[in-house]
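> For the sequence shown, this note's numbering gives the first residue as 350, with consecutive numbering after it.
Note that the Cβ used here is the ideal one computed from N, Cα and C, for glycine as well.
Here the structure is a predicted model, which means the values were calculated and not measured.
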Amino acid sequence: MIEGFEKEGIYFVALGGAEEVGFNMFAYIVDGKIIVVDAGYGFLQDDFPGMEMGLADASFLETYKDDIEAMFITHGHEDHYGAIGHVLPQINCPVYANDFTLGHIRARLKEYHLENFADLHSVTANPVVKLQNFAVEFISLVHSVPQSAGLFIKTKYGNVLHATDWRFDDGKTAMLPTDYPALERISQEGVSLYVGDSTNMGSDKKEPSEYEIRESLIKLVPTLSGTIVATCFASNIMRLESLILAAEAAGRTAVISGHSLNQNFKIAKDCGYLQNCPQAFDIKDAKDIPLDKILYICAGSQGDYRSALSRIVNGENKDITLGDGDNIIFSSKIIPGNEEKIERMQEKLRDAGVEVISTEDYLVHASGHATPSQILAMYRLLKPQIVIPVHGDKRSIRAQRKLAVENGVGDVIIARNGEVILIKDGHGEVVSEIFTRKLGVDRKQLTPLDSQLIKNRKRIAFNCSVFISVVFSSDWHLLDLQVSSIDILEENEFAALRDKIIADIKENIDKEIVKLNGNENQIKEYLAARIRRQILKATDIKPVVFMHFYKEDASSVSSPNTGK
Ligand SMILES: [Zn+2]
Numbered sequence: 350m351i352e353g354f355e356k357e358g359i360y361f362v363a364l365g366g367a368e369e370v371g372f373n374m375f376a377y378i379v380d381g382k383i384i385v386v387d388a389g390y391g392f393l394q395d396d397f398p399g400m401e402m403g404l405a406d407a408s409f410l411e412t413y414k415d416d417i418e419a420m421f422i423t424h425g426h427e428d429h430y431g432a433i434g435h436v437l438p439q440i441n442c443p444v445y446a447n448d449f450t451l452g453h454i455r456a457r458l459k460e461y462h463l464e465n466f467a468d469l470h471s472v473t474a475n476p477v478v479k480l481q482n483f484a485v486e487f488i489s490l491v492h493s494v495p496q497s498a499g500l501f502i503k504t505k506y507g508n509v510l511h512a513t514d515w516r517f518d519d520g521k522t523a524m525l526p527t528d529y530p531a532l533e534r535i536s537q538e539g540v541s542l543y544v545g546d547s548t549n550m551g552s553d554k555k556e557p558s559e560y561e562i563r564e565s566l567i568k569l570v571p572t573l574s575g576t577i578v579a580t581c582f583a584s585n586i587m588r589l590e591s592l593i594l595a596a597e598a599a600g601r602t603a604v605i606s607g608h609s610l611n612q613n614f615k616i617a618k619d620c621g622y623l624q625n626c627p628q629a630f631d632i633k634d635a636k637d638i639p640l641d642k643i644l645y646i647c648a649g650s651q652g653d654y655r656s657a658l659s660r661i662v663n664g665e666n667k668d669i670t671l672g673d674g675d676n677i678i679f680s681s682k683i684i685p686g687n688e689e690k691i692e693r694m695q696e697k698l699r700d701a702g703v704e705v706i707s708t709e710d711y712l713v714h715a716s717g718h719a720t721p722s723q724i725l726a727m728y729r730l731l732k733p734q735i736v737i738p739v740h741g742d743k744r745s746i747r748a749q750r751k752l753a754v755e756n757g758v759g760d761v762i763i764a765r766n767g768e769v770i771l772i773k774d775g776h777g778e779v780v781s782e783i784f785t786r787k788l789g790v791d792r793k794q795l796t797p798l799d800s801q802l803i804k805n806r807k808r809i810a811f812n813c814s815v816f817i818s819v820v821f822s823s824d825w826h827l828l829d830l831q832v833s834s835i836d837i838l839e840e841n842e843f844a845a846l847r848d849k850i851i852a853d854i855k856e857n858i859d860k861e862i863v864k865l866n867g868n869e870n871q872i873k874e875y876l877a878a879r880i881r882r883q884i885l886k887a888t889d890i891k892p893v894v895f896m897h898f899y900k901e902d903a904s905s906v907s908s909p910n911t912g913k
């Protein structure tokens, strides 16, 4: 039995994703057995040098990995599956997901050379997974990625619908079925707990359906001239199909640029989608098509500096350039936190004379998340006894709590990451807390965001650095002194300052050594402080000092040079 989880009932724990967008990783624990829901990345909002993405620390799950029955990935968005390459080796359990999601999981695991290690199972043909203490059913729900699902988790203590990413939609774009009969059936079976999406609680304006966006794009693209680039989320295959159809309507060919879109395109085709839509080309096969006969489609709408769009905006894409009279369609929303990056990118495009078309001007994007009215409709359908709002910023989560309370939900709990909530007899309460935190994805390793390493990086990034190399003879004669820096001044300007610093040290060091009685640590401190002070005086920069200190035959002679 897992220590602290011995009571009868369903334990719910968010390791990440409770009061935020991204970092989704949840655990349900019943009678000593655990299931894990999602293992996602999140964008790091603060400045962590070298790191853009983070994930929840899974060490709690690692401790109890022998008790984990399975992991379920709800859909193919990075904030739900992205961290699987880090988490799966820690917990080593079977993974269940739909085919489209599995396509992404396989690609991600391949990056970590884990594709042969993982025990992956498709639920597309058989959506119910029966385990020892849980039965988990994937319920199809409309979202901005194909084959997205809510999880209906049945236990002997009650049932849960875990549905963090969904919306209701007219369903006219064929790959987006909401399984209404299944929702009605689970409502009949009884839903003790609903854990659900808060993303769009901030606004109740009517969201257009995905089909309306398709019609709008098909009208818009033929009216544009010059080079046209459209950017959307790479996994939004319905949108990708709409853009390909819009290109056809304009007598243009859709040309896909960038690794992530090409990967999504291939996974979608492997899953049987996009079979009847017009042909789209990879950019390397489109060299002979005139520019005004192309609609370029690329990812990177969030301003990620490695994306195809960023390279276009920064003039680093050898195939696509945008200038006066050209057009760019942002068929995407802004993920909270990325506003400034996106605005900067759009301003740069406007500056170059490019017409920037976004949701502010035209019907070019619909959200994949539920409006408050739709959430209310979900409550009415499911009649949950308890609601835990997740997947949104703190304001949106509180707004959903208010909505649930005002509409008669008995128990509404705001969960914090790490809090353990026990669900029993239609009532839920926070009973304890486990350790969790955020880790930054630091190239190949994971680094805690509060670590000394990150503090050091920030210090160096904001304060600049100076490297001092100093050699003394055994009787404390200064034999060599080098001072260098790459980030304080331009090279030639620093050379002048460096010469001044070296001259100053040479002039003063002998008498200082006498004064400090040859104390090595104090001599080091003196050198660092004096050099730092001179740089501060000249530049107003207080650099971080790195020193290589060497004294010849230090073991045999340690008396100070008296200068005589
Ligand atoms: Zn999603």
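(1) Could you check if ASP799 belongs to the surroundings of ligand 1, using beta carbon to heavy atom distance under 7 Å?
(2) Assign HIS776 to one of three DSSP states: helix, strand, or coil.
(3) Is the beta carbon of ASP468 within less than 7 Å of some heavy atom of ligand 1?
(4) Are the CB atoms of ILE562 and HIS714 nearer to each other than 8 Å?
(5) Would you check whether ligand 1 has a heavy atom nearer than 7 Å to the C-beta of ASP760?
(6) Do the CB positions of LEU731 and VAL540 come within less than 8 Å of each other?
(7) Given 7 Å as the limit, tell me if GLY717 has its C-beta closer than that to any heavy atom belonging to ligand 1.
(8) Quick check: the segment 468-484 against the segment 411-421, are there 3 or more CB pairs under 8 Å?
(9) Can you tell me whether TYR728 is buried or exposed? The criterion is at least 16 other CB atoms within 10 Å of its CB, across all chains shown.
(10) Could you check which residue in PHE372, LYS667, ILE669 and SER650 has the C-alpha nearest to that of ARG693?
(11) Taking only the alpha-carbon atoms, compute the straight-line gap between ARG534 and GLY507 and give it to the nearest angstrom.
(12) For ASN663, which of ASP700, ILE678 and ALA635 has the nearest alpha-carbon?
(13) Which same chain residues, not among the five before or five after VAL906, have their C-beta less than 7 Å away from its C-beta?
(14) Less than 6 Å between C-beta atoms, sequence neighbours within five positions excluded: which residues of the same chain meet that for LYS503?
(15) Apply the 10 Å Cβ neighbour rule to GLU466 and answer buried if 16 or more other Cβ atoms are within range, or exposed otherwise.
(16) On the premise that GLN734 lies in contact with GLY759, defined as a C-beta separation below 8 Å, what is that separation, rounded to the nearest angstrom?
(17) For HIS426, verify whether its CB is less than 7 Å away from any heavy atom of ligand 1.
(18) If I'm right that SER547 touches SER716 with Cβ under 8 Å, what's the distance once you round it to whole angstroms?
(19) If you run the structure through DSSP and keep just helix, strand and coil, what is LEU463?
(20) With a threshold of 7 Å (Cβ to nearest heavy atom), would VAL494 be considered close to ligand 1?
(21) Starting from GLN794, follow the beta strand (DSSP E) in both directions and report where the run begins and ends.
(22) Cβ of ASP742 within 7 Å of any heavy atom in ligand 1?
(23) Indicate the three-state DSSP secondary structure (helix, strand or coil) for GLY365 in the structure shown.
(24) Please report how far the alpha carbon of ASN625 lies from the alpha carbon of ALA617, in whole angstroms.
(25) With 16 other CB atoms within 10 Å as the buried threshold, where does PHE449 fall?
(26) Is VAL894 helix, strand or coil when you go by DSSP?
(27) Is ALA603 helix, strand or coil by DSSP?
(28) Please state whether DSSP places SER907 in a helix, a strand or coil.
(29) What residue range does the beta strand (DSSP E) around THR504 cover?
On the basis of the coordinates in this document:
(1) Not so, every heavy atom of ligand 1 lies at least 7 Å from the Cβ.
(2) Three-state DSSP puts HIS776 in a strand.
(3) Outside the cutoff, so no.
(4) Taking C-beta atoms as the reference points, ILE562 and HIS714 count as a pair closer than 8 Å.
(5) Not under cutoff, so the answer is no.
(6) Yes, these two residues count as a Cβ contact at 8 Å.
(7) GLY717 has its Cβ nearer than 7 Å to a heavy atom of ligand 1.
(8) Contact holds: three or more Cβ-Cβ distances are below 8 Å.
(9) By the 16-neighbour rule on beta-carbons within 10 angstroms, TYR728 is buried.
(10) Of PHE372, LYS667, ILE669 and SER650, the residue nearest in Cα terms is SER650.
(11) Distance between the alpha carbons of ARG534 and GLY507: 15 Å.
(12) ASN663 has its Cα closest to that of ASP700, out of ASP700, ILE678 and ALA635.
(13) Residue placement at VAL906 is poorly supported in this model, since its pLDDT is 46, which falls under 50; the coordinates still yield a value, given next. Within the same chain, VAL906 has close Cβ partners SER823 and ASP824.
(14) Cβ within range, chain order: ALA484.
(15) One detail in the question is off: residue 466 reads as Phe in this sequence, not Glu. When all chains shown are included, PHE466 counts as exposed.
(16) The pair is a contact, with the Cβ atoms about 5 Å apart (cut-off 8 Å).
(17) Yes.
(18) Not confirmed; about 13 Å, so no contact.
(19) Residue state, collapsed to three classes: coil.
(20) Yes, ligand 1 has a heavy atom inside 7 Å of this Cβ.
(21) Note, GLN794: beta strand (DSSP E), 794-797.
(22) ASP742 has its CB no nearer than 7 Å to any heavy atom of ligand 1.
(23) Here DSSP, grouped into helix, strand and coil, assigns GLY365 to strand.
(24) The C-alpha of ASN625 lies about 12 Å from the C-alpha of ALA617.
(25) By the neighbour-count criterion, in which 16 or more other beta carbons inside 10 Å mark a residue as buried, PHE449 falls on the buried side.
(26) It is a strand residue.
(27) Strand, per DSSP.
(28) Note that SER907 scores a pLDDT of 44, beneath 50, so its modelled location is shaky; the value from the coordinates is reported in the next line. SER907: coil per DSSP, three-state reduction.
(29) Segment 498-504, the beta strand (DSSP E) holding THR504.
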